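Position 126, counted from 1, in the sequence shown is what the numbering used here calls 244; the numbers after and before it change by one each time, with no gaps.
Just so you know, even glycine gets a beta-carbon here, dropped at the ideal spot from N, CA and C.
Fair warning: this is a prediction, and the values are worked out from it, not measured in the lab.
One structure is given here, and the rest of the page talks about it.
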Amino acid sequence: MPRARTVVFRSWLFNDKSTGVLLFSTDKRMDKVDDLENRDGRFEACIYFPNEQTQFRFSGFSQLLSPHRDLPSLLSPISQSRPLDSPSRSSNSSTPSSDTHNGSFYPVFTPSYDSANSYDTEFPPPSRDEWMAEYERMWDATPKHIKQGFKNPPPGRLLTKEHQKRLDAISRGVDGSSDESGKDNFVVVLMFINSVDQLELTHPKRTLFTRTKHDEWIEQDTCP
């Protein structure tokens with residue numbers, strides 16, 4: 119059964135908006151980690167900006183970043199979406215259909231990319247050191263009270279007397295450990311966007327953006 123999750127946007131990948139990759143953090147013991155891994159990282163994310171009265175629905179694939187896991191893959195593990203067909207496609211559909219070809223390479227460059235240098239590939243990927251530096255950046259940017267939460271008993275477990283005692287000790291800073299002790303449970307989730315469904319409520323106007331290959335996108339106006 120699909121599950122809705124509330125997450126907090128923390129940063130763009132490498133603190134660079136041009137990557138188009140959104141980041142949030144989570145506890146590796148939470149169910150959402152298993153949910154993502156068991157579904158090839160597929161996700162949909164809905165965001166509403168009240169001041170602009172605009173809503174977005176993102177879909178794509180996610181990767182997990184942690185020193186205890188394989189490095190994130192930039193090759194989409196899911197089939198690419200394709201633009202809406204016209205006019206044969208059903209008029210009540212607003213989601214691009216799944217294509218049959220394999221997912222394409224997501225064009226994320228090493229943050230040390232220099233156009234003056236020559237590389238073996240068109241999109242030189244980040245090195246392991248650069249991925250780990252990004253993990254450390256995200257941990258360092260995490261507020262102290264959130265870091266403490268990664269030392270808590272496993273999320274979602276029944277609140278026993280033992281768990282309550284530990285939670286009280288952590289909240290008072292007398293649990294005998296530093297904030298760094300919860301770092302092993304800290305995971306960064308990378309959200310690679312394959313399609314964007316944008317709805318402007320003031321006009322109204324609706325637009326579908328579909329990534330077809332690498333960094334090539336198709337824009338289509340759809341019925342709001």
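- Under DSSP, no beta-bridge partner is assigned to residue 151.
- Contact check for residue 183 and residue 151: beta-carbon distance about 12 angstroms, past the 8 angstroms limit, so the pair fails to qualify.
- Taking C-beta separations shorter than 6 angstroms and ignoring five residues to either side along the sequence, the partners of residue 326 in its chain run 315, 338 and 340, following chain order.
- Put simply, the backbone Cα of residue 139 is about 6 angstroms away from that of residue 308.
- Residue pairing for residue 320: DSSP places it in no beta bridge.
- Residue pairing by DSSP places residue 339 opposite 325 in a beta bridge.
- Residue environment analysis places residue 277 among the exposed positions, since fewer than 16 neighbouring C-beta atoms fall within 10 angstroms of its C-beta.
- Within the segment 279 to 304, the complete alpha helix (DSSP H) segments of 4 residues or longer fall at 279 to 290, listed in chain order.
- Classified as buried, residue 311 has 16 or more neighbouring CB atoms from the shown chains inside 10 Å of its CB.
- Within its own chain, the residues whose Cβ lies closer than 7 angstroms to the Cβ of residue 185, once the five positions on either side in sequence are excluded, are 250 and 253, listed in chain order.
- Residue range 160 to 167 is occupied by the beta strand (DSSP E) that includes residue 160.
- Separation of residue 279 and residue 323 (C-alpha to C-alpha, rounded to the nearest whole angstrom) is 54 angstroms.
- In the three-state reduction of the DSSP assignment, residue 191 falls in the coil class.
- Nearest in C-alpha terms to residue 145, of all of 286, 260, 294 and 328, is 260.
- Rounded to the nearest angstrom, the gap between the Cα atoms of residue 264 and residue 203 is 45 angstroms.
- Secondary structure at residue 235: coil, using DSSP grouped into helix, strand and coil.
- Within the same chain, 145, 146, 147 and 268 come within 7 angstroms of residue 303 by CB-CB distance, once the 5 residues on both sides are set aside.
- For the pair residue 168 and residue 175, the Cα-to-Cα distance works out to about 15 angstroms.
- Around the CB of residue 244, 16 or more other CB atoms lie within 10 Å, so the residue is classed as buried.
- Counting the other CB atoms within 10 Å of its CB gives residue 178 a total of 16 or more, which places it among the buried residues.
- The shortest C-alpha to C-alpha distance from residue 238 to any of 227, 247 and 128 is the one to 227.
- In the assembly as shown, residue 274 is an exposed residue. Its beta-carbon has fewer than 16 other beta-carbons within 10 Å.
- One alpha carbon belongs to residue 289, the other to residue 281, and they sit about 12 angstroms apart.
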